[in-house]
Every structure is written in C-alpha cells, then in structure tokens.
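These notes concern the structure reproduced below.
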Amino acid sequence: MNDVSSIPKGWCCTSLEKVASWGSGGTPSRNVERYFQGIIPWVKTGELERKYIRETEEHISEEALNNSSAKIFPKGSVGIAMYGATIGKLSIWGIDASTNQACAVGIPTVAINNEFLYYYLLSERQSLIKAGKGGAQPNLSQGIIKEWPINLPPLNEQNRIVAKIEELFSELDKGIENLKTARAQLKVYRQALLKHAFEGKLTAQWRAENQDKLETADALLKRIQQERAQRYQQQLAEWTNKSPSVPL
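Numbering of the sequence shown is given in my numbering, commencing with residue 505 and proceeding in unit increments.
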C-alpha cells in the first residue's frame, strides 16, 4: 500500500486519519428508561448490514446525549464495527445519527467521496480484522483505523471508480439472480424428465423405429405372470427341500 511507485500517476499515499475525522459513540444508561424514548436515531453495530442506514431500531433523547458519550454524526459519515460478532461490518449514514461505542465513525473531508471510503473499507475489511488485537475475537481500535494506509486518487477519479464498482456489482447481482433462476429451472426439468421417462415419452422415437421388437401389452403381462408363477414354484421347491422330514 505504501509503495508510491506502484500507484497510478496523480494518486497519493495517505492514511485514513488524513481523509476523515474519526470518533465513536456511547450507550446511555439503560436504567433510565426515558433516555431511549427520544427521536435521535441510535445505530447499533448489528444494523451495519446495508450500504446506507436510513432508519434505526432505537432512538435516544437529547438528555441521553448530554449524559453519555453518545454523539451525533452527520449524514454521509461512514461507520465500521470495531469488535464482537459484527466486527468489520460497515454502512454509510443516510441520516444524522448517533451510535454506540462499538462503532468507529469517519466524517469524510472534502478530499474523499464517502462512497469511495465505504468501498475502500469494504475491500480492506478482512485485513483490518486480522490486524485487530485480542484472542478469539480480535478488536479493532480507532488507532488501527486512523493509521491504515490508503491510496487516494483525485476526486473526479474516485467518483468514476465508485460508478464503475456499482455498475459491475449490479451485473454480478443480476448474474447471481440468473443462476438462482437456472438452478430452480433445472430442478423442475429434472422432475419433468423423470416423469416423462416413466410415461414412455423418452423412448417414443425408439418405439416408432423398432415396432418389430416391441411386445404387445398382453404379451408383456403374460410373460410377467409366467415368470412370477415360475419363481413361486422354484421357491416352493426350495422350501420343501429345506424342511426337515417328519418321522413316521
């Protein structure tokens, strides 16, 4: 990431700290019920699923904001979960919203398109998680995020990159949908094929071309009955031979 010779002309090597102002939120006391009866959207890291967050499950009050480390981040900010089961998940704020302490939020400067920042973090997510400190569940920190390097193109090129990503993602989504449809159609076709097989439809042409080799239905039934009778007589003989003789 830091090798200047490997990046396109006009791009620069910098860090996430230089392209966004980073902070985190807080959780008001759950013991004060009215803190969670306000109108200020409060984002939990479990909600960092979609590209944009435009509504939240919970809302807090101004009083909660003033009596906790929670703070409001403006629309257009980019949030990323720092620890727990949701580590690395991210979203763009589609509204002004507060958040909890498990979420780091970057307010982009004029040097970076917020969607470019979002897609960059998305591309670096696994690397960021690996860089996290801790045991079984590593934790990210604002320090790690701020120091993370980024190759930054000019703003107009960032806009073009975002547009191209979304164009290609749209094509991928259509491809996935087409694959799902094809899989469903194959399942239906397989069942239809089996049904046709046992209705004689798969061998209709063969029958038409081999009339002289076909048994009539009566002949087939007669042969089946003869074979069943023969098998029964054979089993009866075997049973008789195996039965112990009764002394007189």
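Glycine included, each C-beta is placed from N, C-alpha and C at the ideal position.
It should be emphasised that the depicted structure is a prediction, and the values quoted were computed from it without experimental measurement.
Query	Result
Contact check, N757 vs G529, beta carbons under 7 Å	It is not possible to answer for residue 757, since the shown part of the chain is limited to 505 through 752.
For G588, the residue or residues it bridges with in DSSP	Answer is none; G588 lacks a bridge partner.
Residues near Y624 in its chain [Cβ-Cβ closer than 8 Å; skip 5 each side]	I654
CB-CB length for L676 against Y587, believed under 8 Å	That pair is no contact at about 30 Å.
Close beta carbons around S572, own chain, < 6 Å, minus the five adjacent residues each side	G530, P532
Residue range of the unbroken alpha helix (DSSP H) whose run includes L569	566-570
Per-residue burial, F702 [other beta carbons within 10 Å of its own, 16 or more giving buried]	exposed
C-beta atoms of N617 and Q662 nearer than 7 Å	yes
Under 7 Å between C-beta atoms of E651 and S519	yes
Completely contained alpha helix (DSSP H) runs for the stretch 711-741, where each covers 4 or more residues	none
CB of A585 within 7 Å of CB of S602, strictly	no
CA-to-CA distance, Q709 to A667, given in whole angstroms	55 Å
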